[in-house]
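This report refers to the structure that appears directly beneath it.
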Amino acid sequence: AQSVTQLDSQVPVFEEAPVELRCNYSSSVSVYLFWYVQYPNQGLQLLLKYLSGSTLVKGINGFEAEFNKSQTSFHLRKPSVHISDTAEYFCAVTAPQAGKSTFGDGTTLTVKP
Amino acid sequence: EPEVTQTPSHQVTQMGQEVILRCVPISNHLYFYWYRQILGQKVEFLVSFYNNEISEKSEIFDDQFSVERPDGSNFTLKIRSTKLEDSAMYFCASNQDQEYGYTFGSGTRLTVV
Chain A
98 AQSVTQLDSQ VPVFEEAPVE LRCNYSSSVS VYLFWYVQYP NQGLQLLLKY LSGSTLVKGI
158 NGFEAEFNKS QTSFHLRKPS VHISDTAEYF CAVTAPQAGK STFGDGTTLT VKP
Chain B
29 EPEVTQTPSH QVTQMGQEVI LRCVPISNHL YFYWYRQILG QKVEFLVSFY NNEISEKSEI
89 FDDQFSVERP DGSNFTLKIR STKLEDSAMY FCASNQDQEY GYTFGSGTRL TVV
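As structure tokens, this is what we get:
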């Protein structure tokens with residue numbers, strides 16, 4: 098079984114500042130790791146994923162994440178946020194061949210002018 | 029870009045009534061899923077469907093729930109006798125394989141009164 102912990106439920110930040118949203122996971126097997134974004138009244142949209150290989154992965158909208166196996170973490174970062182990045186962000190893990198994903202509780206990113 | 033389409037966007041039903049939530053996954057995807065998100069809570073897995081049968085289901089997916097792919101395009105979730113606690117946002121998702129992550133629909137907000 099897998100579990101996901103998003104360490105911050107809310108992250109307020111000023112426009113053009115850098116941001117990091119933290120995600121730790123627990124699993125007895127290797128997993129695929131994902132970040133999704135959910136804008137108000139919309140479905141979840143895939144931001145980026147880590148399957149294997151390079152531990153730094155880049156996604157859409159200028160986001161990137163780094164996989165750290167020893168710390169079982171997959172933190173999401175953006176060097177300079179925009180007002181339009183205000184949304185809910187979900188970290189998720191999937192065991193290969195398993196199909197279903199386990200999601201964290203989500204982090205609400207609020208970008209202020 | 030291909031989309032997962034869900035209808036209706038909002039459904040209000042009386043307790044004890046049957047509801048059918050409809051989804052049109054992306055046409056070349058092979059795996060189909062239903063997730064739900066109770067207001068303010070995490071995204072929870074309900075069921076996965078592959079090759080015209082359920083591949084995995086959660087404890088939430090009891091005898092009151094069923095899924096069907098009645099033709100080559102639609103994927104439905106039926107709740108036979110709704111309860112107040114079934115009120116949630118229900119998301120349909122699909123993918124070609126687990127490593128691709130999900131493409132989610134915009135969701136159906138189910139309100140049981």
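In order, the protein sequences belong to chains A and B.
Our numbering applies: residue 98 is where the first sequence begins, and numbers increase by one.
Our numbering applies: residue 29 is where the second sequence begins, and numbers increase by one.
Idealized CB from N, CA, C, for every residue including glycine.
For residue i, I'd like the list of residues in its chain whose CB is within less than 7 angstroms of its CB, leaving aside the five on either flank, ordered along the chain.
{"i": "residue 66 of chain B", "result": "116"}
{"i": "residue 118 of chain B", "result": "49, 62, 64, 105, 135, 136 and 138"}
With a cut-off of 9 angstroms, does the C-beta of residue i fall near any C-beta of chain A?
{"i": "residue 89 of chain B", "result": "no"}
{"i": "residue 100 of chain B", "result": "no"}
{"i": "residue 131 of chain B", "result": "yes"}
{"i": "residue 86 of chain B", "result": "yes"}
{"i": "residue 111 of chain B", "result": "no"}
{"i": "residue 93 of chain B", "result": "no"}
{"i": "residue 40 of chain B", "result": "no"}
{"i": "residue 73 of chain B", "result": "yes"}
{"i": "residue 106 of chain B", "result": "no"}
Is there a C-beta anywhere in chain B that falls below 9 angstroms from the one on residue i?
{"i": "residue 193 of chain A", "result": "yes"}
{"i": "residue 199 of chain A", "result": "yes"}
{"i": "residue 122 of chain A", "result": "no"}
{"i": "residue 150 of chain A", "result": "no"}
{"i": "residue 175 of chain A", "result": "no"}
{"i": "residue 139 of chain A", "result": "yes"}
{"i": "residue 118 of chain A", "result": "no"}
{"i": "residue 98 of chain A", "result": "no"}
{"i": "residue 186 of chain A", "result": "no"}
What does a CB cutoff of less than 6 angstroms around residue i pick up in its chain, not counting 5 residues either side in sequence?
{"i": "residue 85 of chain B", "result": "75"}
{"i": "residue 198 of chain A", "result": "189 and 191"}
{"i": "residue 53 of chain B", "result": "32, 60, 103 and 122"}
{"i": "residue 147 of chain A", "result": "130, 154 and 164"}
{"i": "residue 77 of chain B", "result": "60 and 95"}
Measuring alpha carbon to alpha carbon, tell me which residue in the options is nearest residue i.
{"i": "residue 149 of chain A", "options": "A:184, A:174 and A:162", "result": "A:162"}
{"i": "residue 140 of chain B", "options": "B:108, B:42, B:52 and B:127", "result": "B:42"}
{"i": "residue 184 of chain A", "options": "A:207, A:194 and A:196", "result": "A:207"}
{"i": "residue 113 of chain B", "options": "B:78, B:82, B:124 and B:69", "result": "B:69"}
{"i": "residue 174 of chain A", "options": "A:145, A:127 and A:124", "result": "A:145"}
{"i": "residue 46 of chain B", "options": "B:133, B:131 and B:109", "result": "B:109"}
{"i": "residue 102 of chain A", "options": "A:209, A:210 and A:186", "result": "A:186"}
{"i": "residue 83 of chain B", "options": "B:56, B:44, B:107 and B:126", "result": "B:126"}
If I measure Cβ to Cβ from residue i and keep anything under 8 angstroms in the same chain, skipping five residues before and after, which residues do I get?
{"i": "residue 168 of chain A", "result": "121"}
{"i": "residue 39 of chain B", "result": "47, 49, 136, 137, 138 and 139"}
For residue i, which beta-bridge partners are listed by DSSP?
{"i": "residue 30 of chain B", "result": "None; residue 30 of chain B has no bridge partner."}
{"i": "residue 37 of chain B", "result": "For residue 37 of chain B, which the question treats as bridged, DSSP gives no partner whatsoever."}
{"i": "residue 107 of chain B", "result": "B:47 and B:93"}
{"i": "residue 153 of chain A", "result": "A:163"}
Check: Are there three or more Cβ pairs, one per stretch, closer than 8 angstroms when the segment 201-210 of chain A is compared with the segment 98-107 of chain A?
Finding: yes
- Query: On the three-pair Cβ rule with 8 angstroms, is the segment 108-120 of chain A touching the segment 87-101 of chain B?
  - Reply: no
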